[in-house]
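Chemist: Dropping a structure here in structure tokens format, bear with me for questions.
Okay, structure coming up:
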């Protein structure tokens, strides 16, 4: 791929969040993509919300694919590249599942599953191969998307999933067999673009089925690094934690690494404070960080990631969410999830966005990190 350190952003619209596809607004997306490009960013990670793209296990929603085509074309016009994330159940706390993907078994995990926007008392069927119909449905969705968009000029590459190990934690052998199956399906249709897969990286001591070595089945390892959530870190501003995660993943997986998620929730008021909430039956305390401090963190992380050998960095996320969404799942409980944006909900560029812009302006050809995909 390109000999450059790719800077980018994880994207949901401020007004709709996961309802992006159902309440599709191409004009809003075009305006947002103009802002992203105006900051000097190049890569946008987008999410194919599973309940919308596959409302039935044996069919992919063609209307949603047409909307995705609009997003691809907008990206082309704005000079942006896209990384579509194909299997998106987990997102910002809940595991949003199609109704057909749920089992009749009660949820006995410290996880929240949502169906049709409401919390479900049940847990999903086996994603990782134990349920043949579930695996077939996933493969159908992946193949349909890859086949349609594999030649689009705005395509950077494919992201298999978003933190699917928070939906279920497989046995390592089963999880890696599943990953290899999906990656092989993509390669059968598209050998020209890299494949990655976004798993949880924090904390490394908690077994979730996938390990850093599991990334070896893809061309690029996606690191999601949040010292904010890991008690083993030195705190929310632990830049060394991010660097170490990149270096360890590259060493253990043996493939190039992209920092596909990093960021901090910013306190809408001056100063840093903590919020405590109960989620999945467990109490959690998370920092809302002073905006200036969050900006300094981003300014520290970006060169650290580059110098650790990462091929790029995508901040979480494009925008804070509109106040109208604050009473809905998950923002009614997970207050911090409202405020990760590089833009405030009113459209103001935050200090974290300024840091991304300034780093983009500072890059020179000599700052590139070459990634070879074979």
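In the numbering used here, the protein residues as written are 1 to 374. Note that the Cβ used here is the ideal one computed from N, Cα and C, for glycine as well.
#1: In this structure, does DSSP put residue 232 in helix, strand or coil?
#2: Just to confirm, are residue 146 and residue 190 a CB contact at a threshold of 7 Å?
#3: If we ignore side chains and look at the alpha-carbon of each, how far apart do residue 57 and residue 141 end up?
#4: In three-state DSSP terms, what is residue 148?
#5: Inspect the beta-carbon positions of residue 266 and residue 291 and report whether they are closer than 7 Å.
#6: Classify residue 6 as helix, strand or coil using the three-state DSSP reduction.
#7: Just reading off the beta strand (DSSP E) that residue 199 is part of, what are its end residues?
#8: For residue 282, which three-state DSSP category applies?
#9: Quick one: grab the DSSP three-state call for residue 85.
#10: Quick check on this structure: which residue in 90, 286, 212 has the alpha carbon closest to the alpha carbon of residue 275?
#11: Are the beta-carbon atoms belonging to residue 149 and residue 179 less than 7 Å from one another?
#12: What are the partner residues of residue 259, as DSSP defines its beta bridges?
#13: How is residue 67 classed by DSSP in three states: helix, strand or coil?
#14: Span of the alpha helix (DSSP H) holding residue 46?
#15: Would you kindly check if the distance between the Cβ of residue 225 and the Cβ of residue 199 is under 7 Å?
Modeler: Let me spell this out:
#1: coil
#2: yes
#3: Roughly 9 Å between the two C-alpha positions.
#4: helix
#5: Cβ distance < 7 Å, so residue 266 and residue 291 count as in contact.
#6: strand
#7: Where residue 199 is concerned, there is no enclosing beta strand (DSSP E), given that its DSSP letter is neither H nor E.
#8: strand
#9: Strand, per DSSP.
#10: Minimum Cα distance to residue 275 is reached at 286.
#11: no
#12: Per DSSP, 223, 313.
#13: helix
#14: Element bounds for residue 46: not the alpha helix (DSSP H) but the beta strand (DSSP E), 43 to 49.
#15: no
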